[in-house]
Structure formats: C-alpha cells, structure tokens
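Here the protein sequences line up with chains A and B, keeping their order.
At position 286 of the first sequence (counting the first as 1) the number is 286 in my numbering, and the numbers step up by one without a gap.
Add 1000 to the 1-based position in the second sequence for my numbering, that's all there is to it.
Beta carbons: idealized from backbone N, C-alpha and C, even for Gly.
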Amino acid sequence: MTRTPLSYSNTPLFERRPLTYNPSLARNRLNQCCTALAGFFSAVAVLPLFLVLLYVLVQGGQLLSLKLFTELPPAPGLEGGGIGNAVLGTVLVTLIASLISIPIGVGGGIYLSEYSAKGWFAQFVRFANDVLAGVPSIISGVFVYGIVVATRAFAGQSYSALAGGLALSVLMLPTVIKTTDEGLKLVPQELRWGAYGVGASKFVTIVKITLPSAFTPIATGVVLGIARAAGETAPLIFTALFSPFWPEGVFNPIATMSVLIFNFAIMPYEAQNELAWAASFVLVIMILAANLLARWISRLARS
Amino acid sequence: MTSDAPPPPIAKPTQPPTTGIPITAASFTLRRRPTSEKLLDLGFHQLTLLLASFVAILLLLIVITVFHGAREAMASFGLRFLTTSAWDPVNEQYGAFIAIYGTLVTSLLSLLIAIPLGVGTAIFITEDLIPTAMRNVIGVMVELLAAIPSVVLGLWAIFVMEPAIRPALDLLHHWLGWSPLFATVPQGPGMAPAILILVVMILPIITAISRDALNQVPIELRQGAYGVGTTRWGALFNIILPAAVSAITGGVMLALGRAMGETMAVTMIIGNALNFDVSLLAPGNTIASMLANQFGEADGIQVSALMYAALILMLLTFVVNVMAQWVVRRLSLKY
Chain A
1 MTRTPLSYSN TPLFERRPLT YNPSLARNRL NQCCTALAGF FSAVAVLPLF
51 LVLLYVLVQG GQLLSLKLFT ELPPAPGLEG GGIGNAVLGT VLVTLIASLI
101 SIPIGVGGGI YLSEYSAKGW FAQFVRFAND VLAGVPSIIS GVFVYGIVVA
151 TRAFAGQSYS ALAGGLALSV LMLPTVIKTT DEGLKLVPQE LRWGAYGVGA
201 SKFVTIVKIT LPSAFTPIAT GVVLGIARAA GETAPLIFTA LFSPFWPEGV
251 FNPIATMSVL IFNFAIMPYE AQNELAWAAS FVLVIMILAA NLLARWISRL
301 ARS
Chain B
1001 MTSDAPPPPI AKPTQPPTTG IPITAASFTL RRRPTSEKLL DLGFHQLTLL
1051 LASFVAILLL LIVITVFHGA REAMASFGLR FLTTSAWDPV NEQYGAFIAI
1101 YGTLVTSLLS LLIAIPLGVG TAIFITEDLI PTAMRNVIGV MVELLAAIPS
1151 VVLGLWAIFV MEPAIRPALD LLHHWLGWSP LFATVPQGPG MAPAILILVV
1201 MILPIITAIS RDALNQVPIE LRQGAYGVGT TRWGALFNII LPAAVSAITG
1251 GVMLALGRAM GETMAVTMII GNALNFDVSL LAPGNTIASM LANQFGEADG
1301 IQVSALMYAA LILMLLTFVV NVMAQWVVRR LSLKY
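Written as structure tokens, this is what we have:
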C-alpha cells in the first residue's frame, strides 16, 4: 500500500467525498432555504413602500387640480375646497427652520472639523449632537411649547408660525452639523496646506477653499434635512397649531400640510379625508423630489 | 517614434529680468497681516465656537425646560406616576403606566419583527444573490421608505392597512383568544396595527445600518470561510454576522430609540386608550401619542403631568441612544 502524506495510518485523515455540487445535501438544502427566506424578507420590506406610494398616488392624485392650491379647506360637512394655505404654511415654516438651523449648523460643523477636531470640547459637542439627534421629535415640540408658546415670548402670541419653525429647526440642527462636520473631514488636508502656503488666513482658507470643496456633501445633507423637516408633524401640533385661513404673518398660528393630514384624517367627513390624501400626495411628491435632488447632487459630484 | 530619439531640449532656466540688482532676501518685502484681517480671523473662530456650543446649550435648555415643567407633577405624584394608570383631569389624578407600558411593548415587539426582516434584507442586498442593479434598486427603495413622512404612513395605516389586516387579527383572536395577550376582539385601532406601522418605520434604519456593517466586513474573512469549504449561509452565520454584530446591534438600538419616540403614525392608529388592557388587540397608548393628543388642550397640572411623561420618554431614549453608541464603540471586533 502506498502511503500518501495525508494517510500515515490506515484510517484516512479525510473522509473522501465527491467534489461536485450535490443539491440534496442537508447543508445545501438549508442554504437554499435561507436564501429564499432572505429574498422573502426583502420582498416584505419593500412591499409597504409600494403600497403606500400606490395609495397616495391613486387616492391623492385623482384629487389633483389647480383648485387644490388656490382654495382654503372647507368647513366640516361642506364639500370641495383646497389646501392652499397649508402648502404655503409648510413652505414658510420649513423656510424659517432652515434660516435658523443652516447658519448655526454649518458654523458649528466648521468649528468641529476645522478648529477643534480632537479637543475635549469638540468631542462633547459631538456627543451632545448625537443625543440631540436621538431626541424624539415630539420632545422638541414640548420644549418650544414650554419656552416660547407658554411664555408668549413672540409679540405676546402663544401659538405661531415662528414657534413651529423653531421646533423644526431643533430637529434639523443635528443633521446639518453632522453633515457639515463629516463633509469637511473629507476635504484633503493638502488643499488646506496649499492655501496656508500661499499665505491665506484661516478664515480665507475656510471660506474660499474648504467650504466650497465640501459643498456637495453638505448640500446633500441639508436638502435631506429640509425634506425630513417638511414632513414632520409632531413638533408642529402644539407650536404652529393649525389655521383654516391664509397665513397671517409669522406671529400667528399657521396651517401646514402635515398637521392638516393629521387633523383631517381623524375627522369623520369624506371631504376632509380626501383633502388629507391630496395633501399626502403633494407632501410625498415634494419629499421624494428633494430626495432625488440630493441623490442627483451627490452623483453630479462623483462624476 | 524611435526610442533613441534625442530628448527634448531642457528649457534653460530663464534669468529673472534683472535690473542690475542681485536677488537677495532684501529684495522681498515681508507683508504684515493687517490688524483687521487678524480680527476677522479671530472673530470667525469665536463665532463658530459660539455656534458649536449652541448645540450643547440647546440640549441643556431642553432638559431644563422639560424638567422645570415637570416639577409640579413630580412633587405631587412622585414615583407613583410610573405605576398607576389613572388619567383623570377632573380629580387631577395622573399616572402614566398605560403609556409607559404601551411605549415599551410596541417598540420592543416591533423591533422583534423588524430585526429579522431588516437584517435579512441587508444580507439579501449585500450578498451577490441577484444582479447589482436590482440590489441597488432594493436599497434605494428601502431608503425612500424612510423618507415618507410618519403622518402619511399613519393616514395609510388608518384607511388601508388596518382594514386589510383585520381578518388576520380576527383569526389571531379566534385561535389565541385564551391568552390574555389576544383576549379582546379587534375593533379598528389598537396596539397590533401600531406595532406593524412601527415595523415599517424602523425597517429602513436597521436595513441601512446592517448593510453598511456587512459591507465593512473584510473580504479576507469571507474568502477564508469559502476556502475551507463552507456554504454561503455557513459563512454568514459563523463568520460574517459575528464580525458585523456590534454595528448591527448599534443600529438596532438606534431603531429602538426611534420606535419609542415615534409619534404621529402611532397616535393615529393606536386608539389612545385611557383604560389599561394587556391585550395587543385592544387600543393602547404611548407616551408620545399621549403628548400629541393632550398637550394642545391641557392646562394646569395636566401640562405638568405631560411634561413629566415627556421627561420619562427623554430619559428612555437617552439611555437607549447612549447604549447604542457604547455598544458600537466597545463591542467592535478587532479583525
């Protein structure tokens, strides 16, 4: 008997098995079952998006008309009407929130990344930012209610568009800071050295070199943050409240699409329910468009 | 072109236009930075510092505001608030047990359903089971699901999902009605539909973070596993998932925090019950939906009681989120 290196005793070290793929083996069966299960799970995960989009597009899309954007919602029990005030309100409140959170967020992000990347204070701010990002959206509503609405801080008014914008900006701020911080970290260090080398001050380097080259990731994050804020409802229910009228300045309660959907969905009237679907349609289209815009911005930069 | 072609002549270093003066250090002038520029630099630094500290101040302000608002209720109800379930504005007796129970049960059960779905989807789109284009499409679709506003999902849950799953819930009651968890007849809004809509909301987080975690597992681990002859799922269960488990756990905890604080969709479908019922098919309540429903109309000590509930919610999500960060930092395997 010839001795191969692998069998020095009479019992072979390895059990000899065919090297071809045998689908009836238990482990291969199990493998296929698991693959099928994972495929089933991803089908289940994608299904809700299809169903939600289908219903929103069909139910809301059939109500789409010019009237929807130019008329006020009807009184309970009446037919027709539109959501013009809510569309305008959502734009206004989101604009207020962006005007507050983008300058603060970009400035804070610049500090974290450019001035104190490793200092204890920057680490603490990053931690606080992560905590703030995890604070439930309704809490930011409670906070603004406690600090602005209950104390009537804005021109003696309790509920106001400004309070709503403030509550939304609390939600947007962590996103803007995080994306600015991460975006600036991606800027190659050589660009900064080059700028310092030709004698630019830190301020000029940041404003003329670093920020422009990090524009894409920051813009992507900011657009996504705005999209998320536009769809938020919880912080607005008891800060911006709701109004059946056209917006009357930033110191008065204002209608927004998200609060309109919430209020009208639980009303027992057909016309209101339909308007809720129509508002969902407009809101979802706006938010999906913003998401596609963000994707497009980041793809544009990569090419 | 032949290789032995003469190299192009090197341009002779052109002499600087001499004007008779030799180049010495003295011929360069040192430009001093004007004070205004220095001040601008310093001012910008301080401004960004101020803006960055704004985050910390804001967080502190939130805690102080909620705590200050809750003080009155804390003084009158104490820890009894956590274990009693009276919610009686007439007699001014408040207890948040129903809401706390609802928050924990809905978030934990939705997590239980969402983990296999999310991780399964993540595996399906990171392994090369289907063409890359299809994998990307599924990934984008799950991300878009995260972009749909919570209130729209709530609207969909009220008018589409809840009527559609009612027969299944009826069946559940028919079969498992003997257990207290399914003892009530499902009638529209309840904890079970709320759990399902929460699953839809937290699935994108779990999927996205699991996908990133699986993508970051070094290819050598996978190659080694295949090299010793394991099957795909043998490699996944024994090598790849254990290597990615810390990041996945972190993602799951983040999702738990999100599920606890999720407000609108849950408020619209949970039924906002004021009486305690252990059954999942009965209407329930969560802290967030209680706040959404009552804050606008509340006054006096009811506001304070709601602030107290908000404080509890903040504490819960804070602990979960900090633990998520800790898990990611501490449990990460060293490859």
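- Going by DSSP, F1318 of chain B is part of the alpha helix (DSSP H) stretching over 1301-1330.
- At a Cβ-Cβ threshold of 7 Å, A1298 of chain B and N1285 of chain B do not count as neighbours.
- For S42 of chain A, the nearest CB of chain B lies under 7 Å from its own CB, placing it at the interface with that chain.
- Close CB contacts of A161 of chain A within its chain, under the 8 Å cut and outside five residues either way in sequence, are with G89, L92, V93, I96, A240, P247, G249, V250, F251, N252, P253, I254 (chain order).
- The alpha-carbon separation between S243 of chain A and P74 of chain A amounts to approximately 12 Å.
- For the segment 1228-1261 of chain B, the beta-carbon criterion of a distance under 9 Å to any beta-carbon of chain A is satisfied by T1230, T1231, R1232, W1233, G1234, L1236, F1237, L1254, G1257, R1258, M1260, G1261.
- The Cβ neighbour count for P188 of chain A, taken over all protein chains shown within 10 Å, is under 16; the residue is labelled exposed.
- Bounds of the alpha helix (DSSP H) holding R228 of chain A are 215-231.
- The beta-carbon of P1149 of chain B is placed less than 7 Å from the nearest beta-carbon of chain A.
- Secondary structure in the segment 126-191 of chain A: the alpha helix (DSSP H) runs of 4 residues or longer, each lying completely within the stretch, are 137-144, 161-185 in chain order.
- Distances from the CA of F1097 of chain B to each of B:L1315, B:D1277, B:W1326 were compared; the closest alpha carbon is that of B:D1277.
- If you look at N263 of chain A, you'll find it in the alpha helix (DSSP H) that goes 257-265.
- For Y1094 of chain B, DSSP records a beta bridge to B:W1087.
- Per the Cβ contact rule, the segment 1197-1210 of chain B is in contact with the segment 1115-1125 of chain B (3 or more Cβ pairs under 8 Å).
- Under the Cβ criterion of 7 Å, R17 of chain A is not counted among the residues facing chain B.
- K118 of chain A sits in coil when the DSSP states are folded into three classes, being neither helix nor strand.
- DSSP places P268 of chain A in the coil class of the three-state scheme, outside both helix and strand.
- Residue nearest to F1044 of chain B within the set A:P103, A:V259, A:G80, A:A219 is A:P103 (criterion: CA-CA distance).
- Following the DSSP letters along the chain, one finds P76 of chain A in no alpha helix (DSSP H), marked with neither H nor E.
- Taking all protein chains shown into account, R1211 of chain B has 16 or more neighbouring C-beta atoms within 10 Å of its C-beta and is therefore buried.
- Per the C-alpha coordinates, the member of B:L1030, B:L1111, B:L1104, B:T1083 positioned closest to V1252 of chain B is B:L1111.
- Under the three-state reduction of DSSP output, P23 of chain A falls in the coil class, being neither helix nor strand.
- Burial is judged here by how many other beta carbons sit within 10 angstroms of a residue's own beta carbon; T175 of chain A has at least 16 and is buried.
- The contact set of S137 of chain A on chain B, defined by CB atoms closer than 9 Å, consists of S1150, G1261, E1262, T1263, M1264, A1288 in chain order.
- By the CB criterion at 7 Å, V1160 of chain B and Y55 of chain A fall inside the cutoff.
- Each of B:F1077, B:G1224, B:L1280 was checked against the Cα of D1170 of chain B, and the nearest Cα belongs to B:L1280.
- A residue is called buried once 16 or more other Cβ atoms fall within 10 Å of its Cβ, and M1134 of chain B, having fewer, is exposed.
- Not flagged as an interface residue toward chain A: E1297 of chain B, since no C-beta distance is shorter than 7 Å.
- Judged by beta-carbon spacing, V1228 of chain B lies beyond the 7 Å limit of S258 of chain A, meaning their Cβ atoms are not closer than that value.
- Each of A:G156, A:V87, A:Y111, A:A289 was checked against the Cα of L1042 of chain B, and the nearest Cα belongs to A:Y111.
- Of all residues in the segment 1125-1149 of chain B, the ones placed with a Cβ closer than 7 Å to any Cβ belonging to chain A are I1125, L1129, I1138, M1141, V1142, L1144, L1145, A1147, I1148, P1149, in chain order.
- Within chain B, no residue has its beta carbon less than 7 Å from that of S24 of chain A; the closest one is some 14 Å off.
- In the DSSP annotation of this structure, the continuous segment of the alpha helix (DSSP H) that includes W1233 of chain B starts and ends at 1232-1235.
- Listed by position along chain A, the residues whose Cβ is nearer than 8 Å to that of R1329 of chain B form an empty set, because the closest Cβ is around 11 Å away.
- DSSP, reduced to helix, strand and coil, places F1044 of chain B within a helical segment of the structure shown.
- Residue state for Q62 of chain A is assigned as coil, using DSSP reduced to three classes.
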